[in-house]
Each structure stands twice: as structure tokens, then as C-alpha cells.
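Residue numbers (the numbering used here): 5 to 278.
To start, the structure under review is shown below, and the notes come after it.
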Amino acid sequence: MSSIENESNTAIHKIGEEEIQAKEMDNTVTSPSASDNKGEEKPLSKNQLKKRRRYEKLMAIKKRKKEQDKEAKVAKAKAEGRDLDKERRIQEERFLSGEGRRKRERKWEQRLKPAESSFKVCIDCSFENSMTKKEIGSLSSQIRYCYAINKKSYFPVYLSVSSLSGTTHENLTKCEGFPDNWRARAFDCSEKPLVEMHTKKDNLVYLTSDSDNVLQELDNSKVYVIGGIVDRNRLKGATVNKAKELGIETAKLPIDDHLKLCATKVLTCNHVFE
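Structure follows, in C-alpha cells:
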């Protein structure tokens, strides 16, 4: 494995959050000053310049990784004696005729069939007022990861997000296709609170590490709720208290039976979802 690949594997997972931060910085920091009649841009602070350089470095790594992957695919195709020009022509013809899209839709519908009788997952985003701007940015990225993981999964489930509003919603609107195209891939979101979006409270199970109940088997009649909270261990007991307030059953993942964690047992939303 090359040094570029090693570097990219350790850094590429941070790109999502860096993209959001950089876009926010472009929108807020470099905008013309209201009091500046000449329309000149505000100079960036040292911290903002540091973030910008870090973002540009990560994007350069991502670009090099993409180029390496492309070169490897071309080399493999040539070694197999494939006609790449012919394959590109066929692909373009399928795109223009709509055949490729129809084929993808048929495959998706086939993969989604088991989800009709499977459990569902909901991310509860009612904790935004208790989080910092940086934590909200992290949560937005985690929701994106959950959607992407589910869309690519061989066994997708219906994923929903409740109490989605404010900065979290604003961050997600910057993502391509959100929310309309996402809804075509077993996704739904609403400003409504959890118990209004999923009205059958008996079917709700709030996943929290503070629960006394260990989840040993998944029940296909349930909606498993993940607390949409990134608190760096600051807001202890927030999810279990929310569940008690709503009168919802709680459970925790059997982490101790399968993993040995050196520090906290609190996982990110996308790790719980996976």
C-alpha cells in the first residue's frame, strides 16, 4: 500500500465535517462586510486560515486517492483485455435511453423488499439546543453517513429522522438530493417530535447505554431510536431521561459481550446504525 493510501485512510473520514465547516466559513467569514462600502472581503483569522489549509490538504488527498483508484481500474481492465472505449459507449447509450436508471431502480426495489417486514430505525434530533455548533456539524455528518450506509446496504431498512430543524436541517440541505431524492431511498424526515412521527409508542425502543435492558435480538415489529446527540460525554443521561419522559422502552447494545472498549461505551449515531 502506498504512502498516499495510508495517509488517506486515516484522514479521509474527516472530510465530511471539514466540508461543512469550510462551506460555513465561506458563507460567513469571507462575505463582504456590511459596513464596508467597497465590498472588500474580511481577512481570515489565523485559526480560520489553519482550518482552510487543513480542508484543502484533505481535499488534495481525496483527489489523489480518486486518481489512483481510476488508474488501478484502467490497468486492471487492460490486463483483462477489455475494450474500455466500447464499454464507455454502451454506458452512454444506456444513460441516454434511461435503461441504466431503470435497471438501478429495479435492483433497489428488489433489495428493499425485505425491509417491508423488518425493524425500522429513527434518529431523534431533539437535542440540538444542548449542543455546540461544532457538535451539530458532527451530527449532520453522522446522519449523512447513516443514509449513505443504508443506501449501499444489501439489506437496507427504513430510516427516519425526527425533530429535524434548525442548523442540523440547514447543514443537510447542502447535501445533494436532500430531502426529495433521499426519500426515494427508504429515508424520511420531519420537524415533528419522535412520538408524533411514530405514533405507536409501544413499538418504540430507545437505544441508550444507560439502559438496564440488554438488546439480545432485534424485533422486526419495533422502531429502534438512536439519540441524535454529540456531546463529548457532556450531557450524561440525556437519552435515557428523554425516553423516560416519553414513556418509551429502552435498551442498550450488547457491547460488553462482543467488544472491548478502552474508554467510553458511547458510540456515534452511524456506528450504532451500522
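We treat Cβ as the ideally placed atom computed from N, Cα and C, and that holds for glycine.
*Between Phe277 and Ile153, which are expected to be in contact by the criterion C-beta below 8 Å, what is the C-beta distance as a whole number of angstroms?*
Residue mapping note: residue 277 aligns to position 273 of the sequence shown, counting from 1. Residue mapping note: residue 153 aligns to position 149 of the sequence shown, counting from 1. The pair is a contact, with the Cβ atoms about 7 Å apart (cut-off 8 Å).
_Nearest by alpha-carbon distance to Cys273: which of Lys240, Val229, Thr254 and Arg238 is it?_
Residue 273 sits at position 269 when you count from the first residue of the sequence shown. Considering only Lys240, Val229, Thr254 and Arg238, the residue with the shortest C-alpha distance to Cys273 is Val229.
*If we call anything under 7 Å between Cβ atoms a contact, is Arg148 one with Cys179?*
On the sequence shown, residue 148 is found 144 positions in, with the first residue counted as 1. On the sequence shown, residue 179 is found 175 positions in, with the first residue counted as 1. In this structure, Arg148 sits near Cys179, with a CB-CB distance shorter than 7 Å.
_At 4 residues or longer, what runs of the alpha helix (DSSP H) sit wholly inside the segment 165 to 194?_
Listed in chain order, the complete alpha helix (DSSP H) runs (minimum 4 residues) inside the segment 165 to 194 are 170 to 176 and 184 to 187.
*Grouping DSSP H, G and I as helix and E and B as strand, with all else coil, what is Asp260?*
Position 256 of the sequence shown holds residue 260. Helix.
_Proximity below 7 Å, CB of Val209 to CB of Leu250_ = By one-based count along the sequence shown, residue 209 stands at place 205. By one-based count along the sequence shown, residue 250 stands at place 246. No, the Cβ-Cβ distance between Val209 and Leu250 is not below 7 Å.
_I need the DSSP call for Thr272, collapsed to helix, strand or coil._
Taking the sequence shown and counting its residues from 1, one reaches residue 272 at position 268. Here Thr272 sits in coil by DSSP.
*Given 8 Å, three or more beta-carbon pairs between the segment 128 to 138 and the segment 153 to 172*: The answer is yes - the segment 153 to 172 touches the segment 128 to 138, with three or more Cβ pairs under 8 Å.
*Three-state secondary structure assigned by DSSP to Ile65*: Walking along the sequence shown from the start, residue 65 turns up at place 61. When DSSP states are grouped into helix, strand and coil, Ile65 belongs to the helix group.
*Using CA coordinates, which residue listed in Arg98, Glu221, Thr212 and Arg189 is at the minimum distance from Glu253?*
By 1-based counting over the sequence shown, the position of residue 253 is 249. Nearest of Arg98, Glu221, Thr212 and Arg189 to Glu253, Cα basis: Thr212.
*Within 10 angstroms of the Cβ of Leu176, are there 16 or more other Cβ atoms? Answer buried if so, exposed if not.*
Here residue 176 refers to the residue found at position 172 when the sequence shown is read from its first residue. Answer is buried; the Cβ neighbour count reaches 16.
*Taking the alpha-carbon positions, what's the Gln220 to Lys226 distance?*
To locate residue 220, count along the sequence shown from 1; it is residue 216. To locate residue 226, count along the sequence shown from 1; it is residue 222. Approximately 14 Å, taken between the alpha carbons.
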